[in-house]
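Colleague:
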(Lines of atoms letter the chains of each structure in order from A and count residues from 1; the text may use other names and numbers.)
(Lines give C-alpha, C1' and ligand atoms only; values in the text may rest on other atoms or scores of the structure.)
Protein backbone atom coordinates (compact mmCIF):
# COMPACT_ATOMS: atom_id res chain seq x y z
CA UNK A 1 0.00 0.00 0.00
CA UNK A 2 1.49 3.36 -1.01
CA UNK A 3 0.65 6.87 0.06
CA UNK A 4 1.19 10.13 -1.78
CA UNK A 5 2.27 13.18 0.15
CA UNK A 6 3.86 16.55 -0.45
CA UNK A 7 7.61 16.03 -0.45
CA UNK A 8 10.50 18.29 0.54
CA UNK A 9 12.68 17.30 -2.41
CA UNK A 10 12.39 18.89 -5.90
CA UNK A 11 9.90 16.17 -6.78
CA UNK A 12 6.33 17.40 -6.17
CA UNK A 13 4.94 14.07 -4.98
CA UNK A 14 6.35 10.85 -3.64
CA UNK A 15 5.03 7.55 -2.38
CA UNK A 16 5.72 6.38 1.16
CA UNK A 17 7.49 3.11 0.57
CA UNK A 18 10.03 2.97 3.40
CA UNK A 19 9.41 3.73 7.08
CA UNK A 20 12.02 3.74 9.84
CA UNK A 21 11.07 3.38 13.50
CA UNK A 22 13.67 4.53 16.02
CA UNK A 23 13.46 2.58 19.28
CA UNK A 24 12.36 -1.04 19.64
CA UNK A 25 10.55 -0.81 22.96
CA UNK A 26 6.89 -1.64 23.41
CA UNK A 27 5.68 1.42 21.50
CA UNK A 28 8.32 1.25 18.79
CA UNK A 29 7.66 -2.42 18.17
CA UNK A 30 3.93 -1.77 17.94
CA UNK A 31 4.40 1.10 15.50
CA UNK A 32 6.75 -0.98 13.36
CA UNK A 33 4.24 -3.83 13.33
CA UNK A 34 1.46 -1.57 12.07
CA UNK A 35 3.73 -0.09 9.39
CA UNK A 36 4.69 -3.55 8.17
CA UNK A 37 1.05 -4.59 8.10
CA UNK A 38 0.22 -1.45 6.11
CA UNK A 39 2.50 -2.78 3.39
CA UNK A 40 5.49 -0.47 3.80
CA UNK A 41 9.09 -1.61 3.94
CA UNK A 42 9.67 -1.16 7.65
CA UNK A 43 13.01 -0.82 9.40
CA UNK A 44 13.10 -1.14 13.18
CA UNK A 45 16.22 0.43 14.68
CA UNK A 46 17.58 0.20 18.20
CA UNK A 47 21.06 1.02 19.46
CA UNK A 48 20.94 -1.91 21.90
CA UNK A 49 21.02 -5.44 20.42
CA UNK A 50 19.00 -6.97 23.24
CA UNK A 51 16.35 -4.29 22.92
CA UNK A 52 16.15 -4.83 19.17
CA UNK A 53 15.83 -8.59 19.61
CA UNK A 54 13.12 -8.11 22.21
CA UNK A 55 11.20 -5.71 19.96
CA UNK A 56 11.26 -8.09 17.02
CA UNK A 57 10.14 -10.85 19.39
CA UNK A 58 7.17 -8.78 20.57
CA UNK A 59 6.00 -8.39 16.98
CA UNK A 60 6.48 -12.06 16.15
CA UNK A 61 4.60 -13.15 19.28
CA UNK A 62 1.71 -10.79 18.47
CA UNK A 63 1.37 -12.28 15.00
CA UNK A 64 1.56 -15.83 16.35
CA UNK A 65 -1.16 -15.04 18.88
CA UNK A 66 -3.34 -13.70 16.08
CA UNK A 67 -2.87 -16.93 14.14
CA UNK A 68 -3.69 -19.02 17.23
CA UNK A 69 -6.91 -17.06 17.71
CA UNK A 70 -7.90 -17.37 14.06
CA UNK A 71 -7.75 -13.61 13.48
CA UNK A 72 -4.83 -13.74 11.05
CA UNK A 73 -3.29 -16.36 8.80
CA UNK A 74 0.14 -17.87 8.37
CA UNK A 75 0.21 -16.32 4.90
CA UNK A 76 -0.45 -12.85 6.31
CA UNK A 77 2.33 -13.25 8.84
CA UNK A 78 4.73 -14.27 6.09
CA UNK A 79 3.75 -11.24 4.02
CA UNK A 80 4.12 -8.84 6.94
CA UNK A 81 7.37 -10.39 8.10
CA UNK A 82 8.85 -9.84 4.65
CA UNK A 83 8.22 -6.11 5.11
CA UNK A 84 10.06 -5.92 8.44
CA UNK A 85 13.81 -5.74 9.08
CA UNK A 86 15.95 -5.06 12.16
CA UNK A 87 18.74 -2.47 12.07
CA UNK A 88 21.44 -1.60 14.58
CA UNK A 89 23.00 1.20 12.50
CA UNK A 90 20.93 4.38 12.28
CA UNK A 91 22.54 5.64 9.09
CA UNK A 92 21.64 2.40 7.31
CA UNK A 93 18.16 2.39 8.82
CA UNK A 94 17.24 5.82 7.44
CA UNK A 95 18.92 5.59 4.03
CA UNK A 96 16.23 6.19 1.43
CA UNK A 97 13.46 6.33 4.02
CA UNK A 98 10.31 8.40 3.52
CA UNK A 99 9.09 8.55 7.10
CA UNK A 100 10.88 8.29 10.45
CA UNK A 101 8.96 7.74 13.68
CA UNK A 102 10.98 8.14 16.86
CA UNK A 103 9.85 6.13 19.91
CA UNK A 104 12.67 6.34 22.45
CA UNK A 105 12.34 7.10 26.21
CA UNK A 106 10.84 10.43 27.29
CA UNK A 107 14.14 12.27 27.71
CA UNK A 108 14.20 15.60 25.91
CA UNK A 109 17.96 15.76 25.33
CA UNK A 110 17.97 12.23 23.93
CA UNK A 111 15.20 13.07 21.48
CA UNK A 112 16.88 16.33 20.46
CA UNK A 113 20.13 14.51 19.74
CA UNK A 114 18.33 11.89 17.66
CA UNK A 115 16.53 14.49 15.56
CA UNK A 116 19.79 16.36 14.96
CA UNK A 117 21.21 13.09 13.65
CA UNK A 118 18.13 12.45 11.54
CA UNK A 119 18.41 15.90 9.98
CA UNK A 120 21.83 14.91 8.64
CA UNK A 121 21.18 11.24 7.88
CA UNK A 122 17.63 11.01 6.53
CA UNK A 123 16.61 12.17 3.05
CA UNK A 124 15.51 15.80 2.87
CA UNK A 125 11.99 14.81 1.81
CA UNK A 126 11.38 12.51 4.80
CA UNK A 127 8.75 13.33 7.40
CA UNK A 128 10.30 13.21 10.89
CA UNK A 129 7.82 12.30 13.63
CA UNK A 130 8.12 11.87 17.38
CA UNK A 131 5.89 9.58 19.41
CA UNK A 132 6.41 11.59 22.60
CA UNK A 133 3.41 11.49 24.89
CA UNK A 134 4.12 14.73 26.67
CA UNK A 135 7.32 16.57 25.74
CA UNK A 136 6.93 19.79 23.72
CA UNK A 137 7.32 19.11 20.01
CA UNK A 138 8.73 22.61 19.56
CA UNK A 139 11.53 21.86 22.03
CA UNK A 140 12.52 18.84 19.96
CA UNK A 141 12.15 20.60 16.60
CA UNK A 142 14.00 23.79 17.54
CA UNK A 143 17.19 21.80 18.10
CA UNK A 144 17.28 21.18 14.33
CA UNK A 145 17.25 23.24 11.17
CA UNK A 146 14.29 21.34 9.72
CA UNK A 147 11.48 22.14 12.15
CA UNK A 148 8.95 22.43 9.32
CA UNK A 149 8.98 18.68 8.67
CA UNK A 150 8.91 17.57 12.32
CA UNK A 151 5.53 16.59 13.77
CA UNK A 152 4.16 14.82 16.81
CA UNK A 153 2.56 11.44 16.08
CA UNK A 154 1.38 10.09 19.43
CA UNK A 155 0.28 6.45 19.20
CA UNK A 156 -1.49 4.47 21.91
CA UNK A 157 -0.63 1.14 23.48
CA UNK A 158 -1.17 -1.49 22.18
CA UNK A 159 -0.54 0.23 18.85
CA UNK A 160 -1.94 -2.55 16.61
CA UNK A 161 -5.27 -2.43 18.47
CA UNK A 162 -5.78 1.20 19.49
CA UNK A 163 -7.36 3.23 16.68
CA UNK A 164 -6.42 6.73 17.83
CA UNK A 165 -3.44 8.70 16.54
CA UNK A 166 -2.92 12.11 18.13
CA UNK A 167 -1.12 14.54 15.83
CA UNK A 168 0.59 17.53 17.43
CA UNK A 169 1.33 20.70 15.50
CA UNK A 170 3.96 23.17 16.69
CA UNK A 171 4.35 26.72 15.40
CA UNK A 172 6.95 25.93 12.74
CA UNK A 173 5.35 22.74 11.45
CA UNK A 174 4.29 23.15 7.82
CA UNK A 175 0.76 22.45 6.59
CA UNK A 176 2.15 19.93 4.12
CA UNK A 177 3.69 17.99 7.03
CA UNK A 178 0.33 17.97 8.84
CA UNK A 179 -1.45 16.82 5.69
CA UNK A 180 1.11 14.08 5.20
CA UNK A 181 0.76 12.93 8.82
CA UNK A 182 -3.02 12.77 8.47
CA UNK A 183 -2.76 10.71 5.30
CA UNK A 184 -0.18 8.43 6.90
CA UNK A 185 -2.46 7.87 9.89
CA UNK A 186 -5.38 7.10 7.60
CA UNK A 187 -3.29 4.60 5.65
CA UNK A 188 -2.47 2.87 8.94
CA UNK A 189 -6.18 2.58 9.70
CA UNK A 190 -6.01 5.15 12.49
CA UNK A 191 -8.43 7.94 13.33
CA UNK A 192 -6.40 11.12 13.74
CA UNK A 193 -7.02 14.15 15.91
CA UNK A 194 -5.04 17.37 15.58
CA UNK A 195 -4.00 19.30 18.68
CA UNK A 196 -1.71 22.22 19.38
CA UNK A 197 1.65 21.87 21.07
CA UNK A 198 0.53 22.45 24.67
CA UNK A 199 2.01 20.43 27.56
CA UNK A 200 0.32 17.03 27.78
CA UNK A 201 -1.49 17.63 24.49
CA UNK A 202 -5.10 16.43 24.87
CA UNK A 203 -4.86 12.73 25.66
CA UNK A 204 -1.86 12.59 27.99
CA UNK A 205 -3.08 15.50 30.09
CA UNK A 206 -6.47 13.90 30.62
CA UNK A 207 -5.19 10.34 30.90
CA UNK A 208 -2.45 10.88 33.47
CA UNK A 209 -4.67 13.12 35.58
CA UNK A 210 -7.33 10.42 35.78
CA UNK A 211 -4.70 7.77 36.48
CA UNK A 212 -3.07 9.82 39.22
CA UNK A 213 -6.44 10.38 40.91
CA UNK A 214 -7.17 6.65 40.71
CA UNK A 215 -3.83 5.91 42.41
CA UNK A 216 -4.70 8.43 45.13
CA UNK A 217 -8.06 6.69 45.66
CA UNK A 218 -6.28 3.34 45.91
CA UNK A 219 -3.83 4.72 48.47
CA UNK A 220 -6.70 6.31 50.45
CA UNK A 221 -8.48 2.95 50.64
CA UNK A 222 -11.54 4.04 48.65
CA UNK A 223 -11.70 0.69 46.89
CA UNK A 224 -9.51 -2.07 45.51
CA UNK A 225 -7.60 -1.53 42.26
CA UNK A 226 -9.91 -3.95 40.47
CA UNK A 227 -13.04 -2.21 41.70
CA UNK A 228 -11.76 1.24 40.78
CA UNK A 229 -10.98 -0.05 37.30
CA UNK A 230 -14.34 -1.78 37.01
CA UNK A 231 -16.08 1.47 37.95
CA UNK A 232 -14.60 3.25 34.95
CA UNK A 233 -14.79 0.24 32.65
CA UNK A 234 -18.48 -0.44 33.19
CA UNK A 235 -19.72 2.89 34.54
CA UNK A 236 -18.05 5.07 31.90
CA UNK A 237 -17.47 2.49 29.17
CA UNK A 238 -13.70 2.89 29.20
CA UNK A 239 -12.01 -0.06 27.43
CA UNK A 240 -10.02 -0.63 30.63
CA UNK A 241 -9.69 1.04 34.01
CA UNK A 242 -7.16 3.83 34.71
CA UNK A 243 -4.97 1.67 36.96
CA UNK A 244 -4.67 -1.19 34.49
CA UNK A 245 -3.98 1.35 31.75
CA UNK A 246 -1.27 2.96 33.86
CA UNK A 247 0.40 -0.42 34.22
CA UNK A 248 0.14 -1.00 30.49
CA UNK A 249 1.59 2.40 29.55
CA UNK A 250 4.34 2.21 32.19
CA UNK A 251 4.29 3.82 35.61
CA UNK A 252 7.62 5.54 34.94
CA UNK A 253 6.19 7.08 31.78
CA UNK A 254 3.12 8.28 33.67
CA UNK A 255 5.26 9.73 36.46
CA UNK A 256 7.45 11.62 33.98
CA UNK A 257 4.46 13.12 32.17
CA UNK A 258 2.94 14.29 35.45
CA UNK A 259 6.19 15.95 36.49
CA UNK A 260 6.47 17.61 33.07
CA UNK A 261 2.91 18.94 33.41
CA UNK A 262 3.60 20.26 36.90
CA UNK A 263 6.64 22.15 35.65
CA UNK A 264 5.00 23.37 32.43
CA UNK A 265 1.97 24.80 34.23
CA UNK A 266 3.78 25.64 37.48
CA UNK A 267 1.09 23.66 39.25
CA UNK A 268 1.99 21.02 41.85
CA UNK A 269 -1.50 19.51 41.66
CA UNK A 270 -0.14 17.58 38.68
CA UNK A 271 2.68 16.01 40.73
CA UNK A 272 2.59 12.21 40.89
CA UNK A 273 1.04 10.73 44.02
CA UNK A 274 3.64 9.36 46.48
CA UNK A 275 2.42 5.82 45.79
CA UNK A 276 3.28 6.25 42.11
CA UNK A 277 6.72 7.54 43.02
CA UNK A 278 7.22 4.62 45.41
CA UNK A 279 6.24 2.03 42.80
CA UNK A 280 8.68 3.47 40.28
CA UNK A 281 11.42 3.68 42.90
CA UNK A 282 11.10 -0.03 43.71
CA UNK A 283 11.21 -0.94 40.02
CA UNK A 284 7.53 -1.80 39.72
CA UNK A 285 6.94 -0.11 36.37
CA UNK A 286 3.86 -2.01 35.27
CA UNK A 287 3.34 -4.89 32.91
CA UNK A 288 6.73 -4.44 31.21
CA UNK A 289 8.56 -5.15 34.49
CA UNK A 290 6.19 -7.92 35.61
CA UNK A 291 4.75 -5.90 38.46
CA UNK A 292 3.16 -2.49 38.94
CA UNK A 293 -0.17 -1.66 40.53
CA UNK A 294 -1.02 -5.23 39.61
CA UNK A 295 1.18 -8.33 39.53
CA UNK A 296 1.69 -9.44 35.91
CA UNK A 297 4.47 -11.96 36.53
CA UNK A 298 2.32 -14.98 35.69
CA UNK A 299 0.99 -13.39 32.51
CA UNK A 300 -2.30 -12.65 34.23
CA UNK A 301 -3.46 -9.50 36.00
CA UNK A 302 -3.45 -10.25 39.75
CA UNK A 303 -4.24 -7.85 42.61
CA UNK A 304 -1.21 -7.04 44.73
CA UNK A 305 -1.36 -7.22 48.52
CA UNK A 306 2.14 -5.78 48.98
CA UNK A 307 1.82 -2.28 47.51
CA UNK A 308 4.34 0.16 49.06
CA UNK A 309 1.66 2.29 50.76
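In my numbering, the protein residues as written are 315 to 623. Beta carbons are placed, not taken as given, at the ideal position from N, Cα and C, and that holds for glycine. Note that this is a predicted model, so its numbers are computed, not measured.
Measuring only the C-alpha atoms, how far is residue 613 from residue 438?
Modeller: Going from the Cα of residue 613 to the Cα of residue 438 covers about 44 Å.
Colleague: Does the beta-carbon of residue 379 have 16 or more other beta-carbons within 10 angstroms, so that it is buried, or is it exposed?
Modeller: exposed
Colleague: Residue range of the beta strand (DSSP E) that residue 458 falls in?
Modeller: Segment: none, residue 458 is in no beta strand (DSSP E) and carries neither H nor E.
Colleague: Taking the alpha helix (DSSP H) that residue 566 falls in, what are its first and last residues?
Modeller: 565 to 579
Colleague: In whole angstroms, give me the CA-to-CA distance for residue 575 and residue 512.
Modeller: Their backbone Cα atoms lie some 10 Å apart in a straight line.
Colleague: Quick check on DSSP: helix, strand or coil for residue 399?
Modeller: strand
Colleague: Hey, could you find the ends of the beta strand (DSSP E) residue 332 is sitting in?
Modeller: Residues 332 to 336.
Colleague: Cα separation between residue 324 and residue 476?
Modeller: The pLDDT assigned to residue 324 is 30, lower than 50, so where the model puts this residue is not dependable, and the model offers no usable value.
Colleague: Leaving aside the five residues before and after residue 610 along the sequence, list all residues of the same chain whose C-beta is less than 6 Å from its C-beta, in chain order.
Modeller: 601, 604
Colleague: Here's a check: name, in chain order, each residue in its chain whose Cβ is nearer than 6 Å to the Cβ of residue 682, leaving out the five neighbours to either side.
Modeller: Residue 682 lies beyond the residue range present for the chain, which begins at 315 and ends at 623; the question has no answer from this structure.
Colleague: Do you know how far the Cα of residue 571 is from the Cα of residue 341?
Modeller: 16 Å
Colleague: Give the secondary structure of residue 432 by DSSP, where H, G and I count as helix, E and B as strand, and everything else as coil.
Modeller: helix
Colleague: Using the Cβ count rule (16 or more neighbours within 10 Å means buried), how would you classify residue 332?
Modeller: buried
Colleague: Residue 491 to residue 467, Cα distance in whole Å?
Modeller: 11 Å
Colleague: Please state whether DSSP places residue 596 in a helix, a strand or coil.
Modeller: Coil at residue 596, not helix or strand.
Colleague: With DSSP as the reference, label residue 444 as helix, strand or coil.
Modeller: Three-state result, residue 444: strand.
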